[in-house]
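Structure record follows, encoded as C-alpha cells.
So this is what it looks like as C-alpha cells:
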C-alpha cells in the first residue's frame with residue numbers, strides 16, 4: 114500500500130469524484146489557478162477545466178449559497194472555504210438553508226453539498242485562521258461533520274461525503290496536510306458514525322478526533338512506559354457520533370478523557386462527557402475528564418500557540434490522576 | 047502507675063469513635079471512675095471514665111478526631127511517672143474537622159419520644175424492616191491500618207466511583223468497610239474487588255428476597271427512568287442497625303413464643319404506687335416489665351446469656367436493655383443489674399436512661415453490657431411486637447399495648463386489661479420449652495404483681 118500525505122489522499126478522492134461523476138464540480142477561493150491554499154486542488158484546473166474547477170470571489174455566503182442552489186438543482190458541488198473561521202461568513206447559508214431544506218421540504222429537496230475547510234491550529238496562522246469550531250456545526254441537526262485524522266480517513270471519508278445526499282461539513286486539520294500514512298490507490302469508503310479503535314488499551318480511553326488523535330496516541334505511548342494501557346479512539350465523525358463505540362470502550366476501561374483542540378467551555382468534549390455519564394454512569398470508575406485547548410484566542414507565537422493547545426504531558430498527567 | 051486510656055469498643059461492630067470533648071486538661075488530677083471524655087460512636091455519645099486515679103498527663107487525641115478502637119487516646123499517671131514514650135505520639139486519628147456536634151445533634155430525638163412516665167417507655171424495634179445483609183467480606187476484612195486510612199466524611203457519605211458502587215451492590219459489599227485508594231480516597235473498582243477477594247462472593251439476592259428497607263430507599267437501582275428517586279446513603283446509625291440486625295437474623299435462629307398477660311392487677315398496683323410516690327419514682331408499665339424480667343432472668347439464667355460463635359457465657363448480672371426510638375433509628379441501653387434493683391430504682395433509672403439517650407450521654411457499660419432486651423410499642427397502640435435479638439444477647443421480649451379485652455374467669459366473661467408479649471429467643475442456646483417456662487415466669491410475676499415489690 115502506498116504511503117501518501119493527507120493532502121495527497123484528499124486529492125485522490127477529489128480526482129476520483131471528478132473523473133467518475135459528471136455532476137461533481139469544485140468551487141472556492143483560490144482553488145483553481147493557485148491550486149488551493151493548502152495545495153489540495155493543485156493542477157485540477159488544468160486537468161478538468163474551468164467548468165469543473167471554479168475560482169470564486171472572496172464572498173463565502175455567496176459561494177455556499179450558489180453551491181446549495183446547484184445541489185438542489187441536481188449537481189454535486191464541493192465548496193472550499195479555506196479556513197473554518199471564514200465559514201462563519203456563510204453560517205446563515207449552512208445553518209438556515211443547507212441543513213434544513215430536506216426537512217422543510219418534506220424530503221422533496223436534497224442538498225448534496227460537501228463543504229471543505231481547514232480547522233485546528235499549530236501552524237502559526239494566528240487567531241483568525243486557527244480555530245476549532247467544529248462543535249458549532251455539530252450542534253446543528255441536518256448537517257454531518259467529518260473530522261479525518263489520518264490520510265486513510267481523509268480519502269475514505271471524503272469519498273463517503275460525496276455519496277451523501279445532504280450537506281457534509283468536511284473539516285481538515287491544517288497541521289496534518291503533510292502527515293503521511295498508508296492509503297489504498299483504489300477507491301474505498303470509510304463509513305460515517307463509526308469510530309476507529311486507533312490503539313487498544315484497558316486502563317483509560319482517550320477519545321480524540323482529527324489532530325488530537327495523534328496527541329492522544331503519543332500520550333498513550335508515554336503512559337505505556339509507566340504501565341498504564343490507554344485505549345485511543347479516533348471518532349472520524351462528530352455527527353453522526355459513534356456513541357456505541359465510545360460506550361463500548363468506556364465500559365472496558367471504566368475511565369475516559371476527551372482530547373480536543375477546541376476551547377473547553379462549551380466544546381464538543383462536553384457533549385461526549387455528558388453522553389458517557391448519561392449512558393455509562395455505572396461503568397465509570399472515575400470522572401470523565403477533558404483535555405482541551407485553553408479558553409483564549411489562538412496566539413500567533415509558536416510557543417504560546419503550543420501552550421494554548423492540549424499537550425501530551427497534560428493527557429499523561431490527567432490519565433495518571435484517574436488510574 | 048501509668049494507665050492508658052484507649053478508645054473503647056462499644057459493641058462488636060464498632061471500629062472507630064469520635065473524640066467529642068475532653069473533660070480534663072493536661073495536669074488535672076483524675077479520680078478512678080471520674081468521667082474524663084465524651085466520645086461519639088455510631089450509635090450514641092458516651093462518657094469515658096478513668097480506670098485509675100492519677101494525673102491526666104497527656105491527651106493523644108484532639109477533640110473531633112476519629113480514633114480506631116483500641117488506640118491510646120490519653121495517659122493517666124502519677125505526676126512523677128515517666129511517660130516520655132508517649133512523646134510525639136498521637137492516637138491514630140483521622141482528622142475530621144467537620145462538626146461532630148451537629149452530627150450528634152441530628153441523632154437526638156425530638157419530642158416524638160413519649161415521656162417515660164407515660165404508660166410505657168417508648169421503644170421500638172422494626173423487625174419488618176430488616177435491612178440489607180452485611181457481607182461476609184466485612185467480617186473477614188482486616189481493618190485498614192490507621193496511617194493508610196483515607197479520610198471519610200462524617201456526614202455518612204462514602205466517596206466511591208459509580209462502578210465501585212455498582213460492584214459493591216452486586217456483591218453485597220458495605221462500602222463503609224472498604225478503604226478507598228483512588229484519587230482523594232475515592233473507593234474504586236479494584237478496592238471493592240480486593241475487599242471481596244478471599245471471601246465467598248454471595249449469591250445474587252433474588253429480587254423477592256430484597257429487604258423492604260432497601261426497596262424503599264433504593265428504588266433507582268432497578269429503574270432506568272431518570273425521573274426515579276436517587277438512592278440515599280444510610281446514616282451511620284442506620285448502617286449499624288442494619289449490620290447488627292442482619293447479623294442477628296443471619297446467625298441466630300430465632301424462635302417465637304407469644305402469650306397474653308393479664309395486667310389488670312399490675313395496672314391497679316401501678317396506680318396505687320403512683321398515687322403515693324414522688325414524680326421521679328413514678329412507675330411506667332415498662333418499669334414493671336423490666337422488674338419482672340430482671341427477676342425471671344435470675345430464675346432462668348439460660349436467657350441471661352451472651353453468645354460468641356460456638357461458645358456462650360452466662361452473665362452474672364441481669365442488665366436489661368430498653369429499646370428507645372430516636373429520629374433515625376433506635377438504641378437500647380441497659381439498666382445495669384436490673385435483677386437486683388427494686389421498682390423505685392428501676393423507675394428512676396429508666397427515666398434517666400431515656401433522658402441521657404436523648405442527650406447522647408450514655409455510659410460505656412450501658413451500651414456494651416446488656417444481657418437481655420425489652421422492646422415496647424405499647425405507647426403506639428401496637429398489639430403484638432416480635433423483636434429481633436440484639437447480638438450477642440440471647441433473647442428479646444416484644445411488648446404490645448395494654449388493652450381492655452373480654453376474658454373468661456370462672457365461667458364469666460369479664461373485661462380485663464390484657465397485654466400481648468412475644469419472646470424471641472436464640473435456638474442455639476435455648477429451647478422452646480425453656481422459653482415457655484421463662485415466659486410463664488414473667489407472666490406469673492406480672493399477674494401477681496405484689497411479687498414485684500416484695
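Chains as they are written, first to last, in my numbering: chain R, 114 to 436; chain C, 47 to 500. Glycine included, every Cβ here is placed at the ideal spot set by N, Cα and C.
Check                                                                                                                               : Outcome
Within 7 Å of chain C by C-beta, residues of the region 382-406 of chain R in sequence order                                        : 394, 395, 396, 397, 398 and 399
CB contact below 7 Å: residue 235 of chain C versus chain R                                                                         : yes
Beta carbon proximity, residue 362 of chain R to chain C, threshold 7 Å                                                             : no
Per-residue DSSP class, three states only, for residue 499 of chain C                                                               : helix
Inter-stretch contact (C-beta, 8 Å, three-pair minimum) for the region 54-69 of chain C and the region 369-385 of chain C           : no
Sheet register partners of residue 190 of chain R (DSSP bridge)                                                                     : R:138
Contacts of residue 434 of chain R in chain C (Cβ-Cβ under 9 Å)                                                                     : 229
Residues from the region 204-216 of chain C in contact with chain R, defined by Cβ distance under 8 Å                               : 207, 208, 209, 210, 211 and 212
Classification of residue 422 of chain C by the beta-carbon crowding that lies within 10 angstroms, buried from 16 upward           : buried
Chain C within 7 Å of residue 122 of chain R, Cβ atoms only                                                                         : no
Supposed close pair residue 294 of chain C, residue 436 of chain C - CB separation, criterion 8 Å                                   : 7 Å
Inter-residue CB distance, residue 173 of chain R and residue 203 of chain R (contact presumed, cutoff 8 Å)                         : 4 Å
Nonlocal neighbours in the same chain, by C-beta distance under 7 Å from residue 136 of chain R, ignoring five residues either side : 187, 188 and 189
Contact under 7 Å by Cβ, residue 341 of chain C with residue 443 of chain C                                                         : no
Helix, strand or coil at residue 171 of chain C [DSSP, three-state]                                                                 : At residue 171 of chain C the pLDDT is 40, less than 50, meaning the model places this residue with poor confidence; the figure from the coordinates comes in the next sentence. Coil.
Nearest-angstrom beta carbon gap, residue 323 of chain R and residue 284 of chain R [assumed within contact, 8 Å]                   : 7 Å
Interface positions of the region 343-377 of chain R facing chain C (Cβ-Cβ less than 8 Å), listed along the chain                   : 367
Per-residue DSSP class, three states only, for residue 258 of chain R                                                               : strand
Pairwise C-alpha distance: residue 228 of chain R and residue 282 of chain R                                                        : 5 Å
Per-residue burial, residue 117 of chain R [other beta carbons within 10 Å of its own, 16 or more giving buried]                    : buried
Residue 303 of chain C: first and last residue of the uninterrupted beta strand (DSSP E) it sits in                                 : 300-308
Collapsed DSSP secondary structure at residue 215 of chain C in the structure displayed                                             : helix
Pairwise C-alpha distance: residue 229 of chain C and residue 100 of chain C                                                        : 45 Å
Start-end ranges of the beta strand (DSSP E) lying completely within the region 196-261 of chain R, minimum 3 residues              : 227-232 and 257-259
Where residue 470 of chain C falls: helix, strand or coil (DSSP)                                                                    : strand
Residue 412 of chain C, buried or exposed, once every other Cβ within 10 Å from all chains shown has been counted against 16        : buried
Backbone CA spacing between residue 430 of chain C and residue 225 of chain C [nearest angstrom]                                    : 42 Å
Backbone CA spacing between residue 303 of chain R and residue 269 of chain R [nearest angstrom]                                    : 5 Å
Three CB pairs or more closer than 8 Å across the region 399-410 of chain C and the region 309-318 of chain C                       : no
Beta-carbon gap between residue 205 of chain C and residue 232 of chain C smaller than 7 Å                                          : yes
8 Å contact criterion, which residue 306 of chain C and residue 394 of chain C should meet: CB distance rounded                     : Wrong, their Cβ atoms sit about 30 Å apart, outside the cutoff.
Host beta strand (DSSP E) of residue 311 of chain R (start-end)                                                                     : 309-312
C-beta atoms of residue 475 of chain C and residue 353 of chain C nearer than 7 Å                                                   : yes
Residues sharing a beta bridge with residue 63 of chain C, DSSP                                                                     : C:113
Residue 335 of chain C: first and last residue of the uninterrupted alpha helix (DSSP H) it sits in                                 : 331-345
DSSP beta-bridge partners of residue 386 of chain C                                                                                 : Bridge partners of residue 386 of chain C: none, in fact.
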